Amino acid sequence: MSGTTVPDSDITPWLGDTHHGDCLEIMRQMPSESIKVIVTSPPYNLKNSTGNGMKDGRGGKWANAALQKGYDNHGDAMPHDDYTAWQRDCLTEMMRLLRPDGAIFYNHKWRVQNGLMQDRQDIVGGFPVRQIIIWERSGGINFNPGYFLPNYEVVYLIPKPEFRLAPKANAVGCVWRFHQESNNEHPAPFPFGLADRCIKSVQRDPDDDSCVVLDPFMGSGTTALAAISNNADWVGIDISEAYIAMAQTRISDWLDEGPRLAV
Numbered sequence: 103m104s105g106t107t108v109p110d111s112d113i114t115p116w117l118g119d120t121h122h123g124d125c126l127e128i129m130r131q132m133p134s135e136s137i138k139v140i141v142t143s144p145p146y147n148l149k150n151s152t153g154n155g156m157k158d159g160r161g162g163k164w165a166n167a168a169l170q171k172g173y174d175n176h177g178d179a180m181p182h183d184d185y186t187a188w189q190r191d192c193l194t195e196m197m198r199l200l201r202p203d204g205a206i207f208y209n210h211k212w213r214v215q216n217g218l219m220q221d222r223q224d225i226v227g228g229f230p231v232r233q234i235i236i237w238e239r240s241g242g243i244n245f246n247p248g249y250f251l252p253n254y255e256v257v258y259l260i261p262k263p264e265f266r267l268a269p270k271a272n273a274v275g276c277v278w279r280f281h282q283e284s285n286n287e288h289p290a291p292f293p294f295g296l297a298d299r300c301i302k303s304v305q306r307d308p309d310d311d312s313c314v315v316l317d318p319f320m321g322s323g324t325t326a327l328a329a330i331s332n333n334a335d336w337v338g339i340d341i342s343e344a345y346i347a348m349a350q351t352r353i354s355d356w357l358d359e360g361p362r363l364a365v
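Residue numbers for the sequence shown follow this note's numbering, so the first one is 103 and each next one is one higher.
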């Protein structure tokens with residue numbers, strides 16, 4: 103669909119469903135200011151790294167060692183300028199979709215490339231980043247003798263001007279400790295607790311039942327599960343039919359048998 107297409111003003115047809123396709127094209131069909139919270143983690147473009155962490159061949163301790171092969175139908179090895187332009191386009195569409203009181207929780211990873219730290223300012227620069235949250239993960243295996251073991255990722259809080267935290271959420275620190283997912287077939291899942299805290303932290307008017315949570319890179323559907331557990335509507339997008347099927351199965355298991363079996 104062309105980016106010039108004027109989207110319909112009703113978000114209802116999108117709710118509670120997984121949508122297969124390019125997230126930019128799909129977001130461009132969605133109505134402006136219809137989303138309260140976006141929790142997402144895009145592909146990190148790790149396969150174009152100059153480091154040796156992805157080239158060792160032995161893999162890592164967790165399932166994300168599968169990223170040596172990229173994602174289902176995304177090689178994760180775009181030219182850097184193309185990758186940053188793509189991600190900036192995605193963030194621009196996300197900002198358009200946000201309500202005036204909405205926020206994006208954008209999970210990414212800093213890394214060293216050609217001897218220099220990439221702090222992702224080439225992606226988030228110019229967007230209204232209000233805070234950086236550190237997601238501290240468990241330890242792992244480090245194949246690079248030049249670096250300490252990297253055990254954190256970054257969540258950028260990118261809000262609209264009227265965004266506020268839920269009562270007492272501002273007492274929570276900005277370093278969040280969550281273990282990686284250990285029982286998930288997706289090569290790079292983030293933990294349920296991370297998505298759950300993002301959604302719980304957003305102020306919701308008791309009289310407003312229109313909280314909609316979006317994940318444009320939904321993967322195995324963790325953001326949708328967190329939205330459901332917080333009685334929020336959700337929209338999920340992914341370009342991989344395999345990951346869409348994975349998410350649908352987890353969501354169905356959650357609804358039918360309870361969260362213990364789906365997380």
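Yeah, the Cβ is synthetic: ideal placement off N, Cα and C, and Gly gets one too. From a predicted model like this one, the values you see are computed outputs, not experimental measurements.
Roughly how many angstroms lie between the CA atoms of W164 and P145, to the nearest whole one?
With a pLDDT of only 41 at W164, under the threshold of 50, the placement of this residue in the model should not be trusted; the figure read from the coordinates follows. If you take the alpha carbons of W164 and P145, they lie about 17 Å apart.
Using 10 angstroms around the beta-carbon of R279, count the other beta-carbons present and answer buried if the total reaches 16, otherwise exposed.
exposed
Buried or exposed (CB count within 10 angstroms, at least 16 for buried), L251:
exposed
For L316 and I140, which I take to be in contact (beta-carbon distance under 8 Å), what is that distance rounded to the nearest angstrom?
5 Å
Report the option in G248, N244, Y254, S303 whose CA atom is closest to the CA atom of K270.
S303
Fully enclosed by the stretch 184-238, which alpha helix (DSSP H) runs are 4 residues long or longer?
Annotation note: the stretch 184-238 contains the following uninterrupted alpha helix (DSSP H) runs of length 4 or greater, listed N- to C-terminal: 223-226.
DSSP three-state assignment for G105, whether helix, strand or coil:
Here G105 scores only 43 on pLDDT, less than 50, and its place in the model should not be relied on; the value that follows carries that caveat. In the structure shown, G105 sits in coil (DSSP, three-state: anything other than H, G, I, E or B).
Can you check whether the C-beta of D307 is within less than 8 Å of a C-beta belonging to chain B?
Among the protein chains of the structure shown there is no chain B, as only one such chain exists.
Would you please state the rounded distance, in angstroms, between the beta carbons of E255 and H210? I believe it to be under 8 Å.
7 Å
For the beta strand (DSSP E) containing W278, name the first residue and the last one.
277-279
Pick out whichever of I235, D191, V257 has its Cα sitting closest to the Cα of G228.
D191
Quick check on the burial criterion: 16 or more other C-beta atoms within 10 angstroms. Buried or exposed for G275?
G275 comes out exposed.
Go ahead and pull the three-state DSSP assignment for P261.
Here DSSP, grouped into helix, strand and coil, assigns P261 to strand.
Please tell me whether D221 and W212 are closer than 8 Å, where the distance is taken between their beta carbons.
yes
Please state whether DSSP places G138 in a helix, a strand or coil.
Looking at the sequence provided, one finds Lys at residue 138 rather than Gly. The answer is strand: DSSP assigns K138 an E or B state.
Indicate the three-state DSSP secondary structure (helix, strand or coil) for R266 in the structure shown.
Note: R266 maps to coil in three-state DSSP.
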